[in-house]
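Chemist: In this note's numbering, the protein residues as written are 34 to 391. Each residue gets a CB set at the ideal place from its N, CA and C atoms; glycine is no exception.
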Ligand code: NAI
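1) Evaluate residue 53 with the Cβ neighbour count: other Cβ atoms within 10 Å of its Cβ, from every protein chain shown; 16 or more gives buried, anything less gives exposed.
2) Using C-beta distances below 6 Å, list every residue in its chain close to residue 458, excluding the 5 sequence neighbours before and after it, in chain order.
3) I'd like the list of long-range same chain contacts for residue 137, defined as Cβ closer than 6 Å, with 5 residues on each side in sequence excluded.
4) Take residue 119 as the anchor and find which of 269, 57, 359 and 367 has the nearest alpha-carbon.
5) What number of angstroms, rounded off, separates the C-alpha of residue 153 from the C-alpha of residue 76?
6) Any heavy atom of the ligand MG closer than 7 Å to the Cβ of residue 118?
7) Please determine if the stretch 172-181 and the stretch 260-270 are in contact, where contact requires at least 3 C-beta pairs separated by less than 8 Å.
8) Please report how far the alpha carbon of residue 64 lies from the alpha carbon of residue 310, in whole angstroms.
9) In the DSSP assignment, find the unbroken alpha helix (DSSP H) run with residue 348 in it and report its ends.
10) What does the alpha-carbon distance come out to for the pair residue 308 and residue 209?
11) With residue 64 as the anchor, note down where its beta strand (DSSP E) starts and where it stops.
12) Starting from residue 242 and walking both ways along the beta strand (DSSP E), at which residues does that stretch end?
13) Using the C-alpha atoms, what's the distance from residue 177 back to residue 247?
14) So, for residue 181: in the same chain, excluding its five sequence neighbours on each side, which residues have a beta-carbon less than 8 Å away from its beta-carbon?
15) By the 10 Å Cβ neighbour count, where 16 or more other Cβ atoms means buried, how is residue 360 classified, buried or exposed?
16) Could you tell me whether the Cβ atoms of residue 185 and residue 346 are closer together than 8 Å?
17) For my contact list, residue 244 and residue 221 are in at a C-beta cut-off of 8 Å; report their separation, rounded to the angstrom.
18) Across the stretch 355-375 and the stretch 84-99, are there enough close Cβ pairs to call them in contact, namely three or more that are closer than 8 Å?
19) Measuring CB to CB, does residue 143 end up less than 8 Å from residue 70?
20) Can you give me the C-alpha to C-alpha distance between residue 376 and residue 288, rounded to a whole angstrom?
21) Look at the Cβ atom of residue 350, then the Cβ atom of residue 300, and state whether they are nearer than 8 Å.
22) Return the Cβ separation of residue 292 and residue 274 in integer angstroms, given the expectation that the two are a contact with Cβ distance under 8 Å.
In structure tokens, the structure reads:
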């Protein structure tokens, strides 16, 4: 039962949706809308079971509440998952059916890109809802957020290596990137262009081949990338990569990446701290993308606003890192405190406004 589910954290709404005519099976989870309407991407994945999809939707939507709050957005946290293989099960009809479900929520939840759902798919979804963001400029949207996510992760990585290794660039550093999708490939390119030696892993051999050819990257087995002898590890695939088994094997002194829910649970943040590894919380590092797509629905969503918000987010990341190094508290605990202060009902701003914190 959802109320008793381990990942249920007083979510405001969990909607199970089926459309037999298109094969759509989806879950929309809204965690908290104290700061404004919920916003978060739609993931399409061949989950092993409906339970696994529910786990993901609950965890991801809660993370969005924290991410949007730390990013200084007046948006709540929500996320949706479509159960299916994006390579074989995705049809325009199925995406349109999903759009109709989002539309039915009347602006309570805004959807966007995530794993398995790209810009083209958001266009298809937007055919049947006005609450899809991250659509291309031809549809008056701002487009795929991935480059902005990568930009935010890179800024956080720069700050982290500065604090830990005292360097201003990646010259001479070794970096491992797990997952060479839209964000991971952009991030790997940035590391390479800033002087790092790059190690990569992806379950898709073509993406690995491209990284080897383009940046002289060294391929690593997907199951061993976390254990590579590097200075920085950037998880950019799926969640749960930092767990009881992998953390003792991590050689990097800095972990910073785009993947949502990198930690098996918040308790693993303390394990990383104890192991002397600086972890930049995923929901802080990867906020650039949601800032970018949120620019479609805030009052002043100019490119300058986006750039300013990502810089502000990087400053927040810097403050979290400094506080963690100073106090010995985990970076996740510190970031959670910041988010909870912002979305707690006491500090709740007017719900009608979709704007940004000053
Ligand atoms: P994507 O779907 O384009 O890329 C994911 C990549 O990971 C794919 O190339 C896939 O083959 C690879 N992969 C899957 N399992 C793997 C494994 N076990 N080992 C190695 N590689 C594996 O997704 P995207 O957009 O690049 O997102 C990456 C992560 O960042 C996801 O967790 C996503 O939720 C998160 N994120 C993405 C944002 C965006 O703007 N796209 C924004 C915020 C978070």
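Modeler: With the structure as the only source:
1) That one is exposed.
2) With the chain covering 34 to 391 only, the question about residue 458 has no answer from this structure.
3) No residues qualify anywhere along the chain.
4) Among 269, 57, 359 and 367, the Cα nearest to that of residue 119 is on 57.
5) Residue 153 and residue 76: Cα-Cα distance of roughly 14 Å.
6) What this structure holds is the ligand NAI, not the ligand MG.
7) Contact between the stretch 172-181 and the stretch 260-270 is absent, because fewer than three Cβ pairs lie under 8 Å.
8) Between residue 64 and residue 310, the C-alpha separation is close to 30 Å.
9) Boundaries of the alpha helix (DSSP H) around residue 348: 336-360.
10) If you draw a straight line from the Cα of residue 308 to the Cα of residue 209, it is about 18 Å long.
11) Looking at the DSSP string, the run of the beta strand (DSSP E) that includes residue 64 is 57-65.
12) Premise fails: residue 242 lies in the alpha helix (DSSP H), 238-248, not in any beta strand (DSSP E).
13) Distance between the alpha carbons of residue 247 and residue 177: 22 Å.
14) Apart from the 5 residues on each side of it in sequence, residue 181 sits with its Cβ closer than 8 Å to the Cβ of 321, 322, 324, 325, 339 and 343 in its chain, given in chain order.
15) That one is exposed.
16) The Cβ-Cβ distance between residue 185 and residue 346 falls below 8 Å.
17) That pair is a contact at about 6 Å.
18) Verdict: yes, contact present.
19) Yes.
20) Whole-angstrom Cα-Cα distance: 26 Å.
21) Annotated as distal: residue 350 and residue 300, with beta-carbon spacing of 8 Å or more.
22) Separation of the CB atoms of residue 292 and residue 274 is rounded to 7 Å, and the pair is thereby assigned contact status at 8 Å.
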